Structures are given as C-alpha cells and as structure tokens.
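Residue numbers for the sequence shown follow our numbering, beginning at 2 and rising by one.
See structure below.
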Amino acid sequence: MKAPCCIFEPSCSIYAIQAIEKYGAIKGGFMAIKRILRCHPYHKGGYDPVK
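Shown next as structure tokens:
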C-alpha cells in the first residue's frame, strides 16, 4: 500500500476547497497557495485545518 502524498491533514486539495468555500475565491485562493508552498519534505506537516 502506498503512503499518502500530502504531509498535511486535511490534504492540500481538500484544504483549498474548504478555504475557497469559506472565504471566497480571492482570500481562499491565497490561503490555498500559501498552504501548497508549505507542502514540501522539509516541513513537519500535521493537522492544519481551515480556520
């Protein structure tokens, strides 16, 4: 079985959908971009929900 690709919970794609639904296209999109930029092997990841 393959390990999950995203180091965050919820995954970056789910986070983006939730952020855009909650805050709209501009602010939610900006939040999603910031999250994707943090998604790399040198970040510890973990639980990071839309606030």
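Where a beta carbon is used, it is the ideal one built from N, C-alpha and C, also for glycine.
Quick caveat, the model's predicted, so the values are computed rather than measured.
Less than 6 Å between C-beta atoms, sequence neighbours within five positions excluded: which residues of the same chain meet that for residue i?
| i | result |
| --- | --- |
| D49 | F9 |
| Q19 | V51 |
Helix, strand or coil, according to DSSP, for residue i in the structure here?
| i | result |
| --- | --- |
| Y24 | helix |
| Y43 | coil |
Would you kindly work out how many angstroms separate the C-alpha atoms of residue i and residue j, rounded to a whole number?
| i | j | result |
| --- | --- | --- |
| L38 | H44 | 10 Å |
| R36 | C13 | 7 Å |
| G46 | C6 | 11 Å |
For residue i, which residues in the same chain have their Cβ closer than 8 Å to its Cβ, ignoring the five residues on either side in sequence?
| i | result |
| --- | --- |
| E22 | G29 |
Does the Cβ of residue i have 16 or more other Cβ atoms within 10 Å, making it buried, or fewer, making it exposed?
| i | result |
| --- | --- |
| A26 | exposed |
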